[in-house]
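Below is one structure, written out as structure tokens; comments come after it.
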Amino acid sequence: MSTVRIAGGQGFWGDWVEAPYRQVTGGPIDYLMMDYLAEVTMSILQKQKSRDSSRGYATDFISQMERILPTVVDRGIKVTANAGGVNPRGCARALADMARKLGLAGKLRIGIVTGDDLLERLDGLLARGHQLANLDTGRPLRDVRDKVLSANAYLGAAPVVEALQKGAQVVITGRVTDTGLTLGPLMHTFGWTPEDWDKIAAGTVAGHIIECGAQCSGGNCLNDWKRVPDLARVGYPIVEARADGTFDLIKHPNTGGRIDVPGVTEQLVYEMGDPHTYITPDGVADFTTIRLKQAGKDRVQVSGVRGKPATDKLKVSIAYFYGYKAVGTLVYAWPDALAKAQAADRILRQRLQDLKLEFDAIHTEFVGANATHGPLALKGLDADALPEVQLRIGVRSPDEARVDRFTREIAPLILNGPPSVTGFAGGRPKPEEIVAYWPALIDKTLVKPVVEIMDV
Amino acid sequence: MKRRSKPRTVQLLDLAHARSGDKGDTANIGLIAKRPRDYPLLVKQVTAARVARHFKGMIKGPVERFELPNLQALNFLLHGALDGGGTISLKTDAQGKVFSTALLRMTIEVKR
Numbered sequence: 000m001s002t003v004r005i006a007g008g009q010g011f012w013g014d015w016v017e018a019p020y021r022q023v024t025g026g027p028i029d030y031l032m033m034d035y036l037a038e039v040t041m042s043i044l045q046k047q048k049s050r051d052s053s054r055g056y057a058t059d060f061i062s063q064m065e066r067i068l069p070t071v072v073d074r075g076i077k078v079t080a081n082a083g084g085v086n087p088r089g090c091a092r093a094l095a096d097m098a099r100k101l102g103l104a105g106k107l108r109i110g111i112v113t114g115d116d117l118l119e120r121l122d123g124l125l126a127r128g129h130q131l132a133n134l135d136t137g138r139p140l141r142d143v144r145d146k147v148l149s150a151n152a153y154l155g156a157a158p159v160v161e162a163l164q165k166g167a168q169v170v171i172t173g174r175v176t177d178t179g180l181t182l183g184p185l186m187h188t189f190g191w192t193p194e195d196w197d198k199i200a201a202g203t204v205a206g207h208i209i210e211c212g213a214q215c216s217g218g219n220c221l222n223d224w225k226r227v228p229d230l231a232r233v234g235y236p237i238v239e240a241r242a243d244g245t246f247d248l249i250k251h252p253n254t255g256g257r258i259d260v261p262g263v264t265e266q267l268v269y270e271m272g273d274p275h276t277y278i279t280p281d282g283v284a285d286f287t288t289i290r291l292k293q294a295g296k297d298r299v300q301v302s303g304v305r306g307k308p309a310t311d312k313l314k315v316s317i318a319y320f321y322g323y324k325a326v327g328t329l330v331y332a333w334p335d336a337l338a339k340a341q342a343a344d345r346i347l348r349q350r351l352q353d354l355k356l357e358f359d360a361i362h363t364e365f366v367g368a369n370a371t372h373g374p375l376a377l378k379g380l381d382a383d384a385l386p387e388v389q390l391r392i393g394v395r396s397p398d399e400a401r402v403d404r405f406t407r408e409i410a411p412l413i414l415n416g417p418p419s420v421t422g423f424a425g426g427r428p429k430p431e432e433i434v435a436y437w438p439a440l441i442d443k444t445l446v447k448p449v450v451e452i453m454d455v
Numbered sequence: 000m001k002r003r004s005k006p007r008t009v010q011l012l013d014l015a016h017a018r019s020g021d022k023g024d025t026a027n028i029g030l031i032a033k034r035p036r037d038y039p040l041l042v043k044q045v046t047a048a049r050v051a052r053h054f055k056g057m058i059k060g061p062v063e064r065f066e067l068p069n070l071q072a073l074n075f076l077l078h079g080a081l082d083g084g085g086t087i088s089l090k091t092d093a094q095g096k097v098f099s100t101a102l103l104r105m106t107i108e109v110k111r
């Protein structure tokens with residue numbers, strides 16, 4: 000095969016429902032790649048599974064597949080998706096049931112990738128001296144062990160390749176990296192070996208560019224944003240890759256959006272970290288070697304990518320129960336909108352102090368003035384001209400009762416605080432549970448990916 | 000014919016575009032020169048120390064800078080920028096999505 004086309008269909012769980020359908024029907028593709036998992040998604044799925052053992056996967060995947068599966072099977076398009084969450088087998092069973100209902104019995108082979116879930120193994124790992132220390136703070140996991148809700152190692156492309164080699168048409172995984180879902184098909188198609196570090200890096204860069212869906216094809220693009228054509232019908236990105244590791248980014252004809260060098264550059268730098276060492280389970284990519292070239296309208300060529308050997312660790316994403324937070328808002332109108340909101344903030348804080356209510360954090364923003372750019376936005380601001388300002392104040396604490404008491408202090412300000420206030424139709428804010436994220440590392444030798452096949 | 004005159008002050012918004020996001024409690028800002036010839040200006044003037052001063056009061060940790068001459072881009076890591084980050088944060092911009100445009104408010108000096 001001279002080129003292979005991998006289409007990005009979902010950048011996160013909740014992305015555009017139309018995108019997978021348009022990618023499958025808008026022109027020729029070989030693979031559809033769909034990313035569903037964010038860091039805290041796993042804990043939400045773990046909670047769902049604890050209530051109902053058949054759940055714990057991205058249910059949107061099933062309804063999206065229902066719409067495209069007949070075409071996918073008919074055209075031989077392969078699908079890689081980390082929609083399995085903490086229950087890839089349950090996700091595969093749901094897909095198989097749906098495929099049979101669509102009359103596709105005997106026509107579909109599903110690959111299932113597991114082995115990433117470490118929740119049941121945590122105590123054993125800690126007992127054998129694996130600290131699973133927090134990568135940011137250095138704290139050992141035992142400090143929060145009793146609050147852990149989910150723990151998953153990030154698997155790489157290898158089990159995806161294995162599933163494809165076994166003939167799977169749809170590969171459903173647990174916590175496989177976003178980039179592995181693109182790199183796996185490339186390794187499978189071109190026979191790249193796991194130690195061909197430059198090609199592994201190239202496939203990883205391809206995955207990084209399309210893992211956020213339309214964010215590389217005109218969506219959320221700051222450069223010349225007013226002239227990005229027809230975002231209403233934005234085309235999601237497609238990697239058209241060659242065996243030598245170079246690839247073009249394209250989109251289907253007659254779609255909106257734009258694929259150009261500045262836009263692709265914006266996506267390359269997105270959440271990149273140290274560009275010399277973009278670490279995945281599969282290898283280390285050096286983003287300072289990437290060459291971009293406009294190779295046609297809505298076509299950017301990527302070449303030159305160099306890689307380095309993989310590390311001997313895997314990243315582990317752990318979610319734990321942290322406590323509670325609540326955020327309340329009130330809107331103040333001209334004149335003196337900002338001054339009124341600031342006065343209300345002072346009064347509220349005084350009342351919390353008088354009640355001896357202490358929190359881990361109290362955070363105030365004046366939306367319309369400083370919420371996004373902080374003090375930078377207040378320099379030179381004509382505050383008197385602001386037609387309205389929203390006071391937005393939040394607290395967090397391990398103690399739910401304290402957070403709940405805070406929520407009762409917002410509404411009274413309407414009648415017993417500064418004037419010209421409105422916007423309380425939503426009622427009293429509710430304390431929400433905070434699930435926090437704990438990144439750690441584990442030796443690769445301790446995690447064994449498992450690949451199973453399910454024939455429909 | 001070009002004439003030399005006093006440097007003038009230009010906002011980064013006119014010279015660069017940017018995108019930002021999060022890594023835990025760290026904001027990651029990529030700053031990209033609109034024209035390749037302006038990249039050296041960014042390298043020279045938009046230093047880690049200058050960015051740390053620009054965001055004073057908004058970040059608690061240090062600023063790291065990485066150079067990508069191949070993309071005419073600089074990448075900045077602003078540590079302690081997101082009130083704990085992710086789900087813990089009480090900020091509207093808990094994921095650092097618009098730190099990018101906050102950086103573009105900075106001014107630098109341009110000859111000509």
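Listed in order, the protein sequences are those of chains A and B. Using numbering that gives the first Met the number 0, the first residue of the first sequence is number 0, and each one after it goes up by one. Using numbering that gives the first Met the number 0, the first residue of the second sequence is number 0, and each one after it goes up by one. For each residue, glycine too, the CB sits at the ideal point set by N, CA and C. Note that the coordinates shown come from a computational prediction; the quantities given were computed from them, not determined experimentally.
Backbone secondary structure at residue i - three-state DSSP
{"i": "A/E161", "result": "helix"}
{"i": "A/Q214", "result": "helix"}
{"i": "A/D353", "result": "helix"}
{"i": "A/E65", "result": "helix"}
{"i": "A/P438", "result": "strand"}
{"i": "A/A340", "result": "helix"}
{"i": "A/H251", "result": "coil"}
{"i": "A/T287", "result": "helix"}
{"i": "A/D311", "result": "coil"}
{"i": "A/D223", "result": "coil"}
{"i": "B/K33", "result": "coil"}
{"i": "A/L101", "result": "coil"}
{"i": "B/N27", "result": "strand"}
{"i": "A/Q389", "result": "strand"}
{"i": "B/G20", "result": "strand"}
{"i": "A/E270", "result": "coil"}
Burial state of residue i, where buried means 16 or more other Cβ atoms lie within 10 Å
{"i": "A/D145", "result": "exposed"}
{"i": "A/N415", "result": "exposed"}
{"i": "A/P158", "result": "buried"}
{"i": "A/R257", "result": "buried"}
{"i": "A/P430", "result": "buried"}
{"i": "A/S42", "result": "buried"}
{"i": "A/A400", "result": "exposed"}
{"i": "A/V16", "result": "exposed"}
{"i": "A/T181", "result": "buried"}
{"i": "A/S62", "result": "exposed"}
{"i": "A/N253", "result": "exposed"}
{"i": "A/S52", "result": "exposed"}
{"i": "A/S216", "result": "buried"}
Under 8 angstroms between C-beta atoms of residue i and residue j
{"i": "B/A80", "j": "B/G29", "result": "no"}
{"i": "A/A343", "j": "A/L412", "result": "yes"}
{"i": "A/D442", "j": "A/K307", "result": "no"}
{"i": "A/G179", "j": "A/L154", "result": "yes"}
{"i": "A/I452", "j": "A/P184", "result": "no"}
{"i": "A/A240", "j": "A/D281", "result": "no"}
{"i": "A/Y323", "j": "B/G85", "result": "no"}
{"i": "A/L117", "j": "A/V315", "result": "yes"}
{"i": "A/L337", "j": "A/V388", "result": "yes"}
{"i": "B/R18", "j": "A/Y269", "result": "yes"}
{"i": "B/G20", "j": "B/K96", "result": "yes"}
{"i": "A/L440", "j": "A/L44", "result": "no"}
{"i": "B/L12", "j": "B/V50", "result": "no"}
Beta-carbon separation (whole angstroms), residue i vs residue j, contact threshold 8 angstroms
{"i": "A/A456", "j": "A/A284", "result": "Outside the displayed span of chain A (0 to 455) sits residue 456 of chain A, for which this structure offers no information."}
{"i": "A/A152", "j": "A/F189", "result": "Actually they are not in contact, since the Cβ atoms of A/A152 and A/F189 sit about 26 angstroms apart, beyond 8 angstroms."}
{"i": "A/Q293", "j": "A/D247", "result": "So it is not a contact: roughly 10 angstroms between Cβ atoms."}
{"i": "B/N69", "j": "A/T288", "result": "7 angstroms"}
{"i": "A/F11", "j": "A/A37", "result": "6 angstroms"}
{"i": "A/V449", "j": "A/G114", "result": "4 angstroms"}
Could you list the residues in the region 36-69 of chain B with a C-beta less than 9 angstroms from some C-beta on chain A, going in chain order?
Listed in sequence order: H53, F54, K55, G56, M57, E63, F65, E66, L67, P68, N69.
Using a Cβ-Cβ cut-off of less than 8 angstroms, give me the residues of the region 254-278 of chain A that come near chain B, in sequence order.
Flagged, chain order: P261, T264, E265, Q266, L267, V268, Y269, E270, M271, G272, D273, P274, H275.
Which residues, in chain order, does the region 312-326 of chain A contribute to contact with chain B at a C-beta distance below 8 angstroms?
Correct list: Y321, K324, V326.
Interface residues of the region 121-142 of chain A facing chain B [CB-CB below 9 angstroms]
Listed by position, the residues of the region 121-142 of chain A near chain B (Cβ gap below 9 angstroms) are L134, D135.
Interfacial residues, the region 2-13 of chain B to chain A, with Cβ spacing under 7 angstroms
Taking 7 angstroms as the Cβ-Cβ cut-off against chain A, none of the residues of the region 2-13 of chain B qualify.
Residues in the region 415-438 of chain A with C-beta within 8 angstroms of chain B's C-beta atoms, listed in sequence order?
Contact annotation: in the region 415-438 of chain A, residues whose CB is within less than 8 angstroms of a CB in chain B are I433, V434, A435, Y436, P438.
Got a sec: which bits of the region 285-297 of chain A sit with their beta carbon under 8 angstroms from any beta carbon on chain B, in order along the chain?
For the region 285-297 of chain A, the set of positions with a beta-carbon nearer than 8 angstroms to some beta-carbon of chain B reads F286, T287, T288, I289, R290, L291 in chain order.
May I ask you to list, following chain order, the residues of the region 391-404 of chain A that have a beta carbon less than 8 angstroms from some beta carbon of chain B?
Answer in chain order: R391, G393, V394, R395.
Note down, in chain order, all residues in the region 16-29 of chain A with a beta-carbon under 9 angstroms from any beta-carbon belonging to chain B.
With the criterion set as a beta carbon lying under 9 angstroms from some beta carbon of chain B, the region 16-29 of chain A has no members that meet it.
Residues in the region 17-35 of chain B with C-beta within 9 angstroms of chain A's C-beta atoms, listed in sequence order?
Shown in chain order are the members of the region 17-35 of chain B whose Cβ falls below 9 angstroms from a Cβ of chain A: A17, R18, S19, G20, D21, K22, G23, D24, T25, N27, I28, G29, L30, I31, K33.
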